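In my numbering, the protein residues as written are 164 to 993.
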Amino acid sequence: MVKLLTPEGHLKHEEECNPQNGYYMIPIYNKGKYSLKVSAPEGWYFEPETVDFKLDGVNDPCSKNEDINFFLTGFSIHGVVDGGSGSGPAGLSLTLKQDGKIIDTATTTEGGKYSFKAVAGKYEVSTGADSSVCISHGKAVVEVKNAPVMVKPNLRIAGYQFTVAVTNNDRPLSGVKVTLYSELKPELENCQAVTSPINGLQNVKFSCAIGSTSEKGHVVVPCLPSGVYYARADYKDGETEFLFAPSVQKIEVKDRATKVSFSVTGFTARGRVVVGKKGIAGADVIVGGKKVAETDANGYYTLKDLKEGTIEITAKAPHASFSVEKNTLKLPHIKISDVKVETRVDTNATRPGGKCPIIDGLGVGALFSQSVPERVSRFEVCGSVEKSASEQIASPLILKRIDSADTVSVRPGPDGKFCKMVAPAKYAISPADASSTLTPRSLDIDVTTGAIHNLRFTHFKTDAVVLVTCIGTCETLSISLLHGGTVIDTVRGKDEFVFQNIGPGNYRVRIDEGDRACWEQRELPLVIEKVRPQPVHFVQSGFATSIKLSHPAQLKWSHSDKKQLKGDINAPAGLSSICVPVQGRYHIQLISCMNFDPQQFDINVASDHVYEAKAMDAKITGTIKSTGGSGFVVKVKSGAGERDVSVSANGQFSFHEPLTSSGDVILTPHSATHLFDPSNFALRFRGDCAENVVTFVAAKGIFIDGSITPPVSGVKITARHKQDVNIHFETVSDAKGKYRIGPVRRSEDMKITAELDGYAFNEKPGHVGQIISTKLSKLTVVVSDMATSERLDDVLLSIVGGKDYRSNSMIDKSGEINFVGLVRIYSRKG
């Protein structure tokens, strides 16, 4: 529509443009200054918007028979950024890009509304480079053709920028790892389920590693979904671990970018007391005269709550003394000097009561950012030797180093007990007299990590019996006898095994791997004193076979013939073993939210074959809530294609998405009578099952029963939503001029237009859908060859007349053109 305005802005006249060629004509009866202004539909852009001119009857465009033209320069691309509650934030920066180049920028207004201007083409809508929020999908792709475009689905805010700042004495600290914890699984990378309780955090189920701080001491998550999180900072430099305040921060991401800070309050350092490369267990660590730690089984210890400054550190252990070392601690790199060993060994000294010699020195290494172990000079080897009836004193022993030819003679005391100081190494200890009846004949010992006590050499020997009870006939098995970590003997057999000539000691017997049976226990203790021990008994519990699954599933098994034999296990992803009571053929069924290939199969037990099953798709479910609707359908669009999913009577719907699918899965509910909130839903598919991902609320819509007066049939009726161009309906009036449109939420939201050649239509003010029809005059021009009467095309036809009316049109292949709504007689020239 073009409006004629006075200099004061008053409307003098307005005229609709010809829908076929865009021509308009406005009568002006008085000379003076005027303005022509385009009043375009929302989302249509013309240049210029306004043309000012002076009508003087001589030099003005009208008097010169010149057209005043307005040019269509583009259409709007508009939409809403949804913050999750139906509206979005104002002030959000958005960009419109084409082939990577920024075409236009926009800032959201109240309610998250935005609009761009663009010509025909394909574009991407995304957040600006400096935006502190992110939208779903990262971008939306739209195509402008010949009308404004509304971006659907709405750009939904997927999250907000989250920043963590870490400092030490107000200085940025780089390299600090930050972890987020949450009850719900966030849409972040590097997230995994929490499998064990975490100190200071309750009910968290997922942990996400979000990165390490930069040189500026920052970690930035560009897109953190709304929700409640817990953040924890961790820093390790070698064996040094920093302590932060607060230790855990609760974060609630809601409607804006969030920033949290951590500061260093101290540090924790791990050290080790070692000999060679192995640790010494049970040594006390002393700082400032107080015990602050004890070494673990591997010789490690931890000093907590350290501050920058000077500390004194030493250690304490039986029969050992340690130097006191002063250390200056300064972040970020901590190095504590080695604690020196003060070795004073008196090999002639004995403990009261004839006990072992006293050790005056051991070694300790203090490990923080670097590890430099100390060396121990001597360790005790202690035990006893039994005297025979004919012996006055116990027989001597020989200690021989495994890595050299060095030997050490050991002479027991009158009571048969002995202790010998030896250098750290591995040894073989045996009776010095090769003809002696002492047992064991030789024993390997490891003195590299600590003292050895309670060695026993005796003249007593016995046999140990191991019994095996199998289901049916036992296959050939291999059972080993172990003393410490050393295999003493291995015997092969079926149901009875005998280990001969064994001296007193604590042993273990083990069924070696390689059989296809399940056992109540695969390893049992064997204690031999000065009597023959009771037999050790292994009992078979079933037969094993291997299953390999791509994803976890409940595995149900049943015997093909003996139906009473059945059971189930929760099988993990990967290779696992199932144990069944008897051999034979079994039927396997996989129960999961995924479909497997195969879902059911038969296996033979016990067989060496590994049975495999691979998941093909994952189940996704949702709900439609309605007070009385039925016949709903959910349209699913994804990388796997489009399909319709029916909705059950209780409102539940489900479908399986192939694991090969990628990208977002768009769910759009449809009904002939109802409308839905939300109108659609985008699910980011990650190859996992998803239960009740969305609940659509269905509300019964209304229908607009319209009419055309006087009645005209065959009129094309178009109804468009005034705000959302994606909501539109089309229908045709019947013989009585009646039509129906819907469902819609409110009739007032719809703009209804009617179209039929030869008629003008106007909606009755205040009555939605009630249209007044006016039959227009019609001029039909046929262009033909005079000689042959054959119709001609590609002829330019101009029609002018009246008050400067002009129309230039090309004749199409029909050779005919119609001019509708002419109210005066015009002259024709061509």
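Using N, Cα and C, we set each Cβ at its ideal position, and we do this for glycine too.
It should be emphasised that the depicted structure is a prediction, and the values quoted were computed from it without experimental measurement.
Endpoints, the beta strand (DSSP E) within which residue i is located
i, result
"P594", "K589 to P594"
"N843", "Per DSSP, N843 belongs to no beta strand (DSSP E) and is neither H nor E."
"E805", "G804 to S809"
"P385", "H381 to L387"
"R655", "T649 to G656"
"E820", "Q815 to P821"
"Y186", "That residue, Y186, is in no beta strand (DSSP E); it is neither H nor E in DSSP."
"G206", "No beta strand (DSSP E) holds G206; DSSP gives it neither H nor E."
"I710", "V699 to L712"
"E926", "Y922 to E926"
"I449", "D447 to V450"
"A769", "Element bounds for A769: n/a, residue is neither H nor E."
"K583", "K580 to V585"
Residue i vs residue j beta-carbon contact at 9 Å
i, j, result
"G747", "H714", "no"
"D956", "I974", "yes"
"V895", "G877", "yes"
"F706", "V797", "no"
"L492", "K467", "no"
"K589", "D609", "yes"
"T937", "A950", "no"
"E402", "G434", "yes"
"P832", "S824", "no"
"Q752", "I732", "no"
"Y186", "S970", "yes"
"S202", "H241", "no"
"V391", "S370", "no"
Coarse secondary structure for residue i, derived from DSSP in three states
i, result
"S426", "strand"
"S345", "strand"
"E179", "coil"
"D897", "coil"
"E471", "coil"
"D400", "strand"
"E287", "strand"
"D912", "helix"
"Y162", "The structure shown does not extend to residue 162, since the chain is modelled only from 164 to 993, so the question has no answer here."
"F325", "strand"
"G242", "strand"
"Q727", "coil"
"A512", "Residue placement at A512 is flagged as unreliable, the pLDDT there being 33, under the threshold of 50; a coordinate-derived value is accordingly withheld."
"H622", "coil"
"S801", "strand"
"K550", "coil"
"H616", "strand"
"L174", "strand"
"G374", "strand"
Residue i beta carbon near the ligand ATP (any heavy atom closer than 8 Å)
i, result
"M779", "Among the ligands in the structure shown, none appear at all, so the ligand ATP cannot be discussed."
Same chain, Cβ closer than 8 Å to residue i, five either side skipped, listed in chain order
i, result
"T653", "S641, I642, S643, L644 and D675"
"P667", "R619, T621, F623, I691, E692 and K693"
Residue environment, residue i, which counts as buried when at least 16 other CB atoms sit within 10 Å
i, result
"D678", "buried"
"M757", "buried"
"G613", "buried"
"V539", "With a pLDDT of only 47 at V539, under the threshold of 50, the placement of this residue in the model should not be trusted; the figure read from the coordinates follows. With 16 or more Cβ atoms within 10 Å of its Cβ, V539 is classed as buried."
"F844", "buried"
"A552", "exposed"
"M116", "This structure leaves residue 116 out entirely; the chain is present only between 164 and 993."
"P735", "exposed"
"R319", "buried"
"N981", "exposed"
"I787", "buried"
"E820", "buried"
"M584", "buried"
"L336", "buried"
Beta-carbon proximity list for residue i, same chain, < 7 Å, skipping 5 on both sides
i, result
"K899", "P874"
"P594", "S558, L560, L601 and F620"
"A328", "G380, H381, K422 and S424"
Close-in-space but distant-in-sequence residues of the same chain around residue i (CB under 6 Å, 5 per side omitted)
i, result
"V384", "F325 and I373"
"G656", "none"
"N669", "V690"
"C386", "C297, A321 and G322"
Below-9 Å beta-carbon distance, residue i vs any chain D residue
i, result
"Y323", "Absent here is chain D; the protein component of the structure consists of one chain."
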